[in-house]
Amino acid sequence: MALIQGTHRSRGSGLGPAASVGIGVAAGVTAAAGLLFGRKAATVSKIGKGHPVKHRALDLAAGAVQRKYPLDAMSTYLNGFHMYADDMGRQVEATHFCIHLRHDLHQCVIFDRNAPDGRLIGIEYIISEERFRGLPEDEKRLWHSHHYEVKSGSLTAPGIPELAEHAYFEDLVTTYGKTFHTWQYDRDDFPYGIPQLMMGFTEDGQAAEEMIRARDDRLGVSTARKRQNRADIPMPDVAPGANAWESGRTVQTRLEELDFKR
308 MALIQGTHRS RGSGLGPAAS VGIGVAAGVT AAAGLLFGRK AATVSKIGKG HPVKHRALDL
368 AAGAVQRKYP LDAMSTYLNG FHMYADDMGR QVEATHFCIH LRHDLHQCVI FDRNAPDGRL
428 IGIEYIISEE RFRGLPEDEK RLWHSHHYEV KSGSLTAPGI PELAEHAYFE DLVTTYGKTF
488 HTWQYDRDDF PYGIPQLMMG FTEDGQAAEE MIRARDDRLG VSTARKRQNR ADIPMPDVAP
548 GANAWESGRT VQTRLEELDF KR
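Going by this note's numbering, the letters in the sequence shown line up with residues 308 to 569, in that order.
Below you can see the structure in the form of structure tokens.
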């Protein structure tokens, strides 16, 4: 019907039926492309300030036609907090997007916030207690438990119904995470330096209340209410070797100059 109407209108402008059909088809394709690319274009425009038009066009085209299977598989969005493994005073919010890769392994990419221009700040691997207990002792020093993060309500899955979130965290409470941040965004406006090992909080009074409150207000969640809702989740015993910083000694990454091997 749209094509017939287009032909009728075009006769008054001196265009023949074939040209009118071509115009109609082009309009249809343009409209479909608009629907397909509209959201992606809006996102690109938000984060493309300062980019040449050519780069924006390439980003838009790649976003529309390239399949990104690992990204499509990211099924879980978690928000929590990390501290640097050697400095409890340096605390940051961490937005995780995770894939449940195997029954005993999740892998997550971490951003500073859930936004189109969110900064990629790190990665985290999450494993089962059974897998953690089988790790070498030196490896265990890199891992932190999730028991307090879950039970305290500070780790949350925004937007998920309470019953579903509760069931998810019943499993997560016994897991362990190894986290490296590649961008020290609490200090630098650029990803300087080498990846830093991060840890999770293990008891009340460690995480800054103002940081938690600001997160809750922004995301519309209540850490206190989630803590109450998870009171029935059993508190697991932490496996020996995790949260190594609690001993008063810790590990952290550093640059080291080595002879190059040929």
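Ideal Cβ placement from N, Cα and C applies to all residues, glycine included.
Asked: Stretch pair the segment 406-419 + the segment 463-477: three plus CB contacts closer than 8 Å; Found: no
Asked: Alpha-carbon spacing of F439 relative to A364, whole angstroms; Found: 45 Å
Asked: Residues of its chain near R569, where Cβ-Cβ distance is below 7 Å and the 5 sequence neighbours each way are ignored; Found: none
Asked: Residue range of the beta strand (DSSP E) that includes D394; Found: D394 to R409
Asked: A401, buried or exposed, once every other Cβ within 10 Å from all chains shown has been counted against 16; Found: buried
Asked: CA-to-CA distance, D496 to G548, given in whole angstroms; Found: 34 Å
Asked: CA-to-CA distance, P468 to E563, given in whole angstroms; Found: 47 Å
Asked: Between the CA atoms of H389 and Q398 - distance to the nearest angstrom; Found: 6 Å
Asked: For T486, the three-state DSSP class (helix, strand or coil); Found: strand
Asked: Beta carbon of W552 nearer than 8 Å to that of A392; Found: yes
Asked: Contact set for L442: own chain, Cβ-Cβ below 8 Å, skip 5 residues either direction; Found: W450 and G548
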